Amino acid sequence: MTTFDLRGVYPAMTTPFDEDGSIDFEQLQSDTRRLEEAGVDGLVPVGSTGESATLTHDEHVEVVEAVVEAVEDVPVIAGSGSNSTREALELSRRSADAGADALLLISPYYNKPEQSGLVEHYRTLADEVDLPQIVYNVPGRTGSNILPETAATLAEHPNIAGYKAASGDLGQISQVVEYTQDEDFAVLSGDDGLTLPVLSVGGIGTISVVANIEPARTGAMVHSALQGDYERAREIHHELGPLNRHLFVETNPIPVKEAMEIRGYGPARLRPPLTRLTEENTEEMRRILDELAAEQAVTDGGSAE
């Protein structure tokens, strides 16, 4: 198994679309290059933020191939989970063949397996696909919760490298860190508003939505915390607070796509049944982004003196 350090910031990438609803690969590769140049530690295409639920399997693999082609020197972690173990295995194998360096695997959704079923699901994938794999716990989307004891059991497998924590329960996330600290196992924040608290209890990075918009700031916050500079990390955490909150005012990735359009990173097109951000929320997004840009201009001006 090829391993790499999961410390740092991994944007959960959006999937851009053309007017006819097809994937805009030119914009996708432009986003890839923009994020890498901003200093992110890796990229995560075709996760929940990438609208994987409305992509065909072929499109899914084509997105992974396009991102792999566009990167220079950072790992690509492909979302390849499903509520069917057989389907997740197919997507994982095809993502590996497409050049992914690792896999992000959402827990089976809707059918709500028991903890024993979760263990069997993830072990099957880890046995069959020789890539580092990140277990993704997001009960708000899946309807089930990967418990700390289950995470500890999965961490014993050499191919299960980490846990994306998006339960919103810091106590549970802290337990996962506690129960897996003797394993080579990374706990990553999956909730931008909780990234700094997760780092404070032993997490080592984030798979982040806000990093699509503010990759440099997000990276500065995470790496400041990892280096022990919590004063600087807290400052950036609070700077990003309004944007972190507003990126989830409607279903992800509706707000982040609107923010990307406002910043000039391509049209905010989504696949049905997702719809555009409301006018009221779009105006608030503009205000928040303008404030962040003004703060950055002041910082840059101070640095130049």
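Counting along the sequence shown from 1, when you hit position 214 you're at 214 in the numbering used here, and nothing is skipped either side.
Where a beta carbon is used, it is the ideal one built from N, C-alpha and C, also for glycine.
Because the structure is a prediction, the values reported are computed rather than measured.
Starting from residue i, trace the alpha helix (DSSP H) in both directions and tell me its first and last residue.
{"i": "Y317", "result": "No answer is possible for residue 317: it lies beyond the span of the chain, which begins at 1 and ends at 305."}
{"i": "S144", "result": "That residue, S144, is in no alpha helix (DSSP H); it is neither H nor E in DSSP."}
{"i": "T85", "result": "T85 to D97"}
{"i": "Y163", "result": "Segment I160 to A165 is the beta strand (DSSP E) holding Y163; no alpha helix (DSSP H) there."}
{"i": "S189", "result": "It is not in any alpha helix (DSSP H) - S189 instead sits in the beta strand (DSSP E) that spans A186 to S189."}
{"i": "P197", "result": "T195 to S200"}
{"i": "A70", "result": "H57 to A70"}
{"i": "F25", "result": "F25 to E37"}
{"i": "S52", "result": "Premise fails: S52 is in no alpha helix (DSSP H) and is neither H nor E."}
{"i": "G171", "result": "L170 to T180"}
Between the alpha carbons of residue i and residue j, how many angstroms are there, rounded?
{"i": "L131", "j": "G99", "result": "11 Å"}
{"i": "N281", "j": "G202", "result": "34 Å"}
{"i": "G21", "j": "K257", "result": "15 Å"}
{"i": "G168", "j": "I288", "result": "23 Å"}
{"i": "A88", "j": "D300", "result": "45 Å"}
{"i": "G326", "j": "Q115", "result": "Past the edges of the chain, shown from 1 to 305, lies residue 326, and the structure says nothing about it."}
{"i": "A304", "j": "E239", "result": "Residue placement at A304 cannot be trusted, given a pLDDT of 46 that sits under 50; what the coordinates show is reported in the next sentence. C-alpha separation (whole angstroms): 21 Å."}
{"i": "R286", "j": "L292", "result": "10 Å"}
{"i": "L43", "j": "D182", "result": "27 Å"}
{"i": "T85", "j": "T150", "result": "17 Å"}
{"i": "L118", "j": "L188", "result": "19 Å"}
{"i": "I77", "j": "E178", "result": "25 Å"}
{"i": "T2", "j": "I160", "result": "Its pLDDT being 48, under 50, T2 is placed unreliably by the model, and nothing is read from it."}
{"i": "E90", "j": "L125", "result": "10 Å"}
{"i": "F185", "j": "S224", "result": "21 Å"}
{"i": "A233", "j": "T195", "result": "10 Å"}
{"i": "V308", "j": "Y10", "result": "Coverage of the chain is limited to positions 1 through 305, which leaves residue 308 absent and any answer about it impossible."}
{"i": "Q133", "j": "L274", "result": "28 Å"}
Using beta-carbon positions only, say whether residue i and residue j come within less than 8 Å of one another.
{"i": "D41", "j": "V74", "result": "yes"}
{"i": "V176", "j": "D192", "result": "no"}
{"i": "A166", "j": "G190", "result": "yes"}
{"i": "V46", "j": "T15", "result": "yes"}
{"i": "R141", "j": "S80", "result": "no"}
{"i": "N137", "j": "K164", "result": "yes"}
{"i": "A268", "j": "I213", "result": "no"}
{"i": "L8", "j": "V222", "result": "The sequence given here has Gly at residue 8, not Leu. Yes, the pair counts as a contact, with Cβ atoms nearer than the cut-off."}
{"i": "L28", "j": "V67", "result": "yes"}
Identify the continuous beta strand (DSSP E) that holds residue i and give its terminal residues.
{"i": "Q133", "result": "Q133 to N137"}
{"i": "G8", "result": "G8 to P11"}
{"i": "A78", "result": "I77 to G79"}
{"i": "T206", "result": "G205 to S208"}
* Contact between the stretch 203–223 and the stretch 244–260: three or more CB pairs below 8 Å? -> In short, these stretches touch, since the Cβ pair count reaches three.
* Asked: Which runs of the alpha helix (DSSP H) fall wholly inside the stretch 225–253 and span at least 4 residues, in chain order?
  -> As far as the stretch 225–253 is concerned, its whole alpha helix (DSSP H) runs of at least 4 residues are 230–246.
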